[in-house]
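All remarks here apply to the structure that follows.
In our numbering, the protein residues as written are 76 to 121.
In structure tokens:
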């Protein structure tokens, strides 16, 4: 449905989510969780 662009953005979201969570602050955790969830959804929709 989203094609290769969806896969790319899904992987990028996972990577950025993990990187953000390495530097822990409350906002960073929230943003990290958002990116990880978004990445998983985009990969699964593919």
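Backbone N, C-alpha and C define an ideal beta-carbon position, used for all residues, glycine too.
Spatial distance of residue i from residue j (CA atoms)
i	j	result
residue 97	residue 87	16 Å
residue 110	residue 79	18 Å
residue 121	residue 81	7 Å
residue 92	residue 101	13 Å
Chain-order list of residues whose beta-carbon lies under 6 Å from that of residue i (same chain, five-residue window excluded)
i	result
residue 103	95
residue 72	Nothing about residue 72 can be reported from this structure: the residues present for the chain run from 76 to 121 only.
Buried/exposed call for residue i, threshold 16 Cβ in 10 Å
i	result
residue 117	buried
Bounding residues of the alpha helix (DSSP H) (the contiguous stretch that carries residue i)
i	result
residue 110	101-120
Any chain B beta carbon closer than 8 Å to residue i
i	result
residue 85	The structure shown contains no chain B; it is built from a single protein chain.
Chain-order list of residues whose beta-carbon lies under 7 Å from that of residue i (same chain, five-residue window excluded)
i	result
residue 113	88
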